[in-house]
Amino acid sequence: MDNIIEMATSEMFGIWFLIGAALVFFMQAGFAMVEAGFTRAKNSGNIIMKNLMDFCIGTVMFIILGFGLMLGEDTLGGFMGLPTLGIFTDYANVDWSNFVFNLVFCATAATIVSGAMAERTKFSSYCVYSAVISLIVYPIEAHWVWGGGWLVQLGFHDFAGSAAIHMVGGLSALIGAALLGARIGKFTKDKSGKIKVHAFPGHNIVIGALGCFILWFGWYGFNGAAATSGDQLASIFMTTTIAPAVATVTCMIFTWLKYGKPDVSMCLNASLAGLVAITAGCDMIDGWGSIVVGIVAGLLVVLGVWFLDNVLHIDDPVGAVAVHFLNGIWGTIAVGLFASTNVPACEVNGLFHGGGFTQLGLQLLGIITICGWTAVTMFITFMIIKKTIGLRVTAEEEIEGLDVHEHGMSSAYADFMPSRLAVAEGAVEETEAAAAPTPIAVPVVKVPENVGKSVDKDGHPITKVTVVCKESKFEALKRELNNVGVTGMTVSHVLGCGMQKGKSEFYRGVAVEATLLPKIKVEIVVCRVPVNDVIKAASKALYTGHIGDGKIFVYGVDDVVKVRTGETGYDAMTEDGENC
8 MDNIIEMATS
18 EMFGIWFLIG
28 AALVFFMQAG
38 FAMVEAGFTR
48 AKNSGNIIMK
58 NLMDFCIGTV
68 MFIILGFGLM
78 LGEDTLGGFM
88 GLPTLGIFTD
98 YANVDWSNFV
108 FNLVFCATAA
118 TIVSGAMAER
128 TKFSSYCVYS
138 AVISLIVYPI
148 EAHWVWGGGW
158 LVQLGFHDFA
168 GSAAIHMVGG
178 LSALIGAALL
188 GARIGKFTKD
198 KSGKIKVHAF
208 PGHNIVIGAL
218 GCFILWFGWY
228 GFNGAAATSG
238 DQLASIFMTT
248 TIAPAVATVT
258 CMIFTWLKYG
268 KPDVSMCLNA
278 SLAGLVAITA
288 GCDMIDGWGS
298 IVVGIVAGLL
308 VVLGVWFLDN
318 VLHIDDPVGA
328 VAVHFLNGIW
338 GTIAVGLFAS
348 TNVPACEVNG
358 LFHGGGFTQL
368 GLQLLGIITI
378 CGWTAVTMFI
388 TFMIIKKTIG
398 LRVTAEEEIE
408 GLDVHEHGMS
418 SAYADFMPSR
428 LAVAEGAVEE
438 TEAAAAPTPI
448 AVPVVKVPEN
458 VGKSVDKDGH
468 PITKVTVVCK
478 ESKFEALKRE
488 LNNVGVTGMT
498 VSHVLGCGMQ
508 KGKSEFYRGV
518 AVEATLLPKI
528 KVEIVVCRVP
538 VNDVIKAASK
548 ALYTGHIGDG
558 KIFVYGVDDV
568 VKVRTGETGY
578 DAMTEDGENC
């Protein structure tokens, strides 16, 4: 009976091991969403492609060489595994579970770099980097930690990869971003020569938040898949919940106090920072230790982002270095401080549980050697790429977006039209007492003063009227224009801001100088309909009495050409004699 129970338990945890691998694979979607949401829309397709190819290229590289270097027979004194092509020559005896499990971890290490180098890296160069880290860099240092190499033989402990995955990925990101340079406009010099940091707000924090939740969900497999008992698995789940939650609360309070408001994107980073920090010791740290790990992680991620921006002047759009490198180091150190034999299956006490400095010293040795290996190999890799095919796209390509230049797609959001109906048809918006007269609240600008050259047979000039207003006012504006006889219009979604200076807002600790707000631009061309009636109708719809209600521009039109018939002037504006 005992043998049957043991076999059933072993089979159950073998299945859980593979489920954990699937959860870690799903984290690729989380990384893609966080990175896309924290950057600008014009590069979203490029970011999705990079995250996809991290896994696909990594799989090919792992098959060819990576798997053997990581989990092959120990050689060169524990420096690496013996390369093997057993997956082709002896498939029946391949450890399939270990291959899949370690492959998805390898892809995680590779994809961390994508965010730090986002929005200005050549796609071809990124593919080369992804191949190198999956082929050689990650497998060799991972052999030291999990493949029976020299470091684990000494007693170094990194249960799920704070050092072997996150610290390596974060350091690679730091080196890559430093050699690549900042995005255009991120850092500028003022007249005194002082470097000023500019905020580039992410285009979709909702997608970024969804990515964060996906990553947190997947992290239960990331940390828990290698558990060997129910008690150990439960303890790992607990620490994997406590640390990120405490880190997020800490970050919220800190940013609230420092910047006046809790920073959404930074709190999302803090959740990930807490997860990274607990990863190495999730199987050895108790509840109190997890709380401390989370508090430090929540502060470290904010200070790390600030340090990169304001001291090192390295542009990291998603905070990958602060999240993965700094908290990977912190999580690895935390094992030597908070490891406790009160935790299931833990046989080591850290410094704060009476274990002395032994484990802490081993953790520091692991950090130094893994960082040394990563720094040397990745610096060489990026420098070779930079000197041969180049790391960075041209300034024109960066400004216009990588989606169109690197992948031939106009936008990752083609055919997507944001909703503009903030106020339902017929609804009445409450307004405060008028604080400014209509000409100030809804100014009218004639550009130029003279009328256009084109007129109808009765001498009415053709005039273009452009209205820029709040999205919520569109339905009311459309209704009033229809009432005066205007039925044709062109509507565009635009971003804009006025000239008045408002209270400073912060994004990831950087003051946002000009907040571009979503607006509606309505363009109308009229002839028989009096321009003054159009202006009055628009003013009536938009007016609340406060500066910022909108603006109306009036242009003279020299001519109109109908492409289908070649008609010009007033005739080009009419269909079957209708008025305009």
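So the sequence shown is numbered by our numbering: it starts at 8 and just counts up by one. We put the beta carbon where it would ideally sit given N, CA and C, even for glycine.
Take residue i and list the residues in its own chain whose beta-carbon comes closer than 8 Å to its own, dropping the five residues that flank it on each side.
i, result
"M593", "No answer is possible for residue 593: it lies beyond the span of the chain, which begins at 8 and ends at 587."
"L371", "I340, G343"
"A180", "I119, V120, G122, A123, M124, D323, A327, V328, H331, F332"
"M506", "Confidence is the limiting factor: at M506 the pLDDT is only 49, short of 50, which leaves the residue's position unreliable, though a coordinate-based value still follows. Same-chain partners within the cutoff: there are none."
"G188", "R127, D322, R399"
"T235", "F20, A352"
"A216", "G44, V271, L275"
"R47", "E126, F207, G209, H210, G408"
Checking 8 Å against the spacing of the C-beta atoms, do residue i and residue j come in under that value?
i, j, result
"V532", "V491", "no"
"M87", "L76", "yes"
"C219", "L275", "yes"
"I55", "I70", "no"
"D165", "Q239", "no"
"G154", "L78", "yes"
"M580", "I406", "no"
"S141", "A167", "no"
"V144", "M390", "no"
"L110", "P90", "no"
"I377", "A171", "yes"
"E148", "T381", "yes"
"I292", "V350", "yes"
Identify, in the order they occur along the chain, each residue of the same chain with its Cβ nearer than 7 Å to the Cβ of residue i, setting aside the five sequence neighbours on each side.
i, result
"K547", "E487"
"G311", "V328, A329, L333"
"H467", "C534, R535"
"T388", "Y136, V139"
"C258", "M273, C274, A277, G305, V308, V309"
"W226", "T247, L282"
"I392", "S132, V135, Y136, L398"
"M424", "Caution applies to M424, whose pLDDT of 42 falls short of 50 and renders its modelled position unreliable; the value that the coordinates give is listed next. Around M424: no qualifying Cβ."
Quick one: residues in its chain with C-beta nearer than 6 Å to the C-beta of residue i, no 5 flanking neighbours on either side, listed in chain order?
i, result
"V517", "V204, A206"
"F513", "Y266"
"V501", "K526, K528"
"F163", "L369, G373"
"E404", "H412"
"S7", "No statement about residue 7 is possible, as the shown extent of the chain runs from 8 to 587 and does not include it."
"A280", "A254, A304, V308, V330, N334"
Could you give the residue range of the alpha helix (DSSP H) that holds residue i?
i, result
"T395", "365-395"
"E354", "It is not in any alpha helix (DSSP H) - E354 carries neither H nor E in the DSSP assignment."
"Y227", "212-231"
Would you kindly work out how many angstroms separate the C-alpha atoms of residue i and residue j, rounded to a whole number?
i, j, result
"G415", "T401", "16 Å"
"P269", "V561", "43 Å"
"K569", "G576", "9 Å"
"G228", "T96", "31 Å"
"A442", "A545", "The pLDDT assigned to A442 is 46, lower than 50, so where the model puts this residue is not dependable; a value taken from the coordinates is nonetheless given after this. Between A442 and A545, the C-alpha separation is close to 19 Å."
"L524", "A185", "32 Å"
"S51", "A352", "44 Å"
"F481", "V475", "10 Å"
"G84", "L161", "12 Å"
"F106", "L25", "10 Å"
"I212", "D566", "44 Å"
"W151", "G200", "46 Å"
"A233", "F33", "17 Å"
"G177", "L158", "20 Å"
"G335", "V355", "20 Å"
"G237", "P208", "43 Å"
"F359", "F74", "37 Å"
"N230", "V300", "15 Å"
"S17", "A252", "32 Å"
"K196", "H320", "12 Å"
"K471", "N53", "39 Å"
"A421", "G563", "33 Å"
Rounded to the nearest angstrom, how far is the Cβ of residue i from that of residue j, given a contact under 8 Å?
i, j, result
"T247", "I202", "At roughly 39 Å, the Cβ-Cβ gap does not stay under 8 Å, so T247 and I202 are not in contact."
"A287", "S169", "3 Å"
"V325", "V41", "6 Å"
"G156", "D102", "Incorrect: roughly 17 Å between the Cβ atoms, too far for contact."
Where do the ends of the beta strand (DSSP E) carrying residue i lie?
i, result
"H320", "That residue, H320, is in no beta strand (DSSP E); it is neither H nor E in DSSP."
"I476", "Looking at the sequence itself, residue 476 is Cys, so the reference to Ile does not match. It spans 470-477 - the beta strand (DSSP E) in which C476 sits, taken as one unbroken run."
"K485", "Here K485 belongs to no beta strand (DSSP E); instead the alpha helix (DSSP H) covers 481-490."
"K543", "No beta strand (DSSP E) holds K543; the alpha helix (DSSP H) holding it covers 538-549."
"I202", "202-204"
Report whether the distance from the Cβ of residue i to the nearest heavy atom of the ligand PLP is below 7 Å.
i, result
"D61", "By its list of ligands, the structure shown contains no ligand whatsoever, and the ligand PLP lies outside what it can speak to."
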